[in-house]
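J.: Here the sequence shown is numbered in this note's numbering, starting from -7 and rising by one per residue.
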Amino acid sequence: MKGIKFLLVLVLVLVCMPLSACAGQSVYTGPWSGQVIDAESKQPIEGAAVVAIWYKYYATPAGDVGNYLDTAEVVTDKDGKFLLPSKKFLNVPLLRESGAPHFYIFKPGYGSYPEYRVSPKTSTKSLKGFFEKTTVVELPKTKDLKERGNVYTSINGDIQQIHASDFFKIKRTLKLINEEAKYLGYRPRYENFKE
-7 MKGIKFLLVL
3 VLVLVCMPLS
13 ACAGQSVYTG
23 PWSGQVIDAE
33 SKQPIEGAAV
43 VAIWYKYYAT
53 PAGDVGNYLD
63 TAEVVTDKDG
73 KFLLPSKKFL
83 NVPLLRESGA
93 PHFYIFKPGY
103 GSYPEYRVSP
113 KTSTKSLKGF
123 FEKTTVVELP
133 KTKDLKERGN
143 VYTSINGDIQ
153 QIHASDFFKI
163 KRTLKLINEE
173 AKYLGYRPRY
183 ENFKE
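Structure representation (structure tokens):
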């Protein structure tokens, strides 16, 4: 009986020690930077909203499960450039980890990132190291009202991943979406969130 108790205690210690050694690690991610330009003219796009969304991932027997963690927004300057500062998250390896953010870029009259971009050619919203060095994003102008409506629908779907309680963090994006809604003849959805 003493042998079984000793074995159980030993197993418990061996399992818990590695977890306690790394539990509660603060992890900084970023900063991220980029430049947004017109795909045809190669001129900078000023005033585009750049939204980053982070997720926390939990390990489960069926695989990792991601849930919304946080969001941040910046706006491109006159040179089309943006800089999103570093963020700090508490990670508990194996139990909860945050990864690189997913990026969304929107400016009325243009295709949005990532769905409508011309470049970069990557097919994912979040890559390790992506935007950690200045990345140039080329957005095409929308061709007609139908395409503009499709972009409007797409960006609305993208931001629905953000908890409504954090919408105050993306006021510029919501303002641009409202402007686009009015242009398209739709009722603005985010009137309560003024810049």
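Glycine residues also receive a C-beta, built at the ideal position from the N, C-alpha and C atoms. If you're wondering where the values come from, they're calculated on a predicted model, not measured in any experiment.
1. Which first and last residues belong to the beta strand (DSSP E) in which G149 is found?
2. Check whether the segment 97 to 106 and the segment 166 to 180 touch, using three or more Cβ-Cβ pairs below 8 Å as the test.
3. What three-state label does DSSP hand S33 in the structure shown?
4. For a test of the three-state rule: what should DSSP assign to K99, helix, strand or coil?
5. List the DSSP bridge partners of V42.
6. Please say whether V110 and Q27 have beta carbons closer to each other than 8 Å?
7. Once you ignore the five residues that flank P180 on each side, which residues in its own chain have a CB closer than 7 Å to its CB?
8. With a Cβ-Cβ cutoff of 8 Å, do V57 and V42 count as a contact?
9. Please determine, among G141, K48, W24, the residue with the shortest C-alpha to C-alpha distance to G177.
10. Identify the continuous alpha helix (DSSP H) that holds K161 and give its terminal residues.
11. Kindly indicate which three-state DSSP category Y175 falls into: helix, strand or coil?
12. Between which residues of its own chain and P23 is the CB-CB distance below 8 Å, once the five residues before and five after are set aside?
13. So who's on the other strand from N170, going by DSSP bridges?
14. Rounded to a whole number of angstroms, what is the C-alpha to C-alpha distance between D69 and S33?
15. Under DSSP, the beta strand (DSSP E) around T127 begins and ends at which residues?
16. Taking all protein chains shown into account, decide if E183 is buried (16 or more other Cβ within 10 angstroms of its Cβ) or exposed.
17. Return the Cβ separation of S25 and K73 in integer angstroms, given the expectation that the two are a contact with Cβ distance under 8 Å.
18. By Cβ distance, which residues of its chain are closer than 7 Å to S104, with the 5 residues on each side in sequence left out?
T.: According to the data block:
1. Run containing G149: none in the beta strand (DSSP E); it sits in the alpha helix (DSSP H), 137 to 151.
2. With the cut-off at 8 Å, the segment 97 to 106 and the segment 166 to 180 touch.
3. In this structure, S33 counts as coil in the three-state DSSP scheme.
4. Coil.
5. V66, I97.
6. Not a contact, by the Cβ cut-off of 8 Å.
7. Excluding sequence neighbours, P180 sits near N170, A173, K174.
8. No, Cβ-Cβ distance for V57 and V42 is not below 8 Å.
9. Closest by alpha carbon: G141.
10. Counting along the chain, K161 falls outside any alpha helix (DSSP H), and DSSP gives it neither H nor E.
11. Helix, per DSSP.
12. Same-chain partners within the cutoff: L75, L76, P77, S78, E124.
13. Its beta-bridge partners do not exist; DSSP assigns none.
14. Straight-line Cα distance between these residues: approximately 17 Å.
15. In the DSSP assignment, T127 falls within the unbroken beta strand (DSSP E) covering 127 to 131.
16. By the neighbour-count rule (16 or more Cβ atoms within 10 Å), E183 is not buried but exposed.
17. Distance from S25 to K73 at the Cβ level is roughly 7 Å; contact confirmed, criterion being Cβ atoms closer than 8 Å.
18. Listed in chain order, the non-local C-beta contacts of S104 below 7 Å within the same chain comprise Y96, I97, F98, V143, S146, I147, local neighbours out to five positions each way being set aside.
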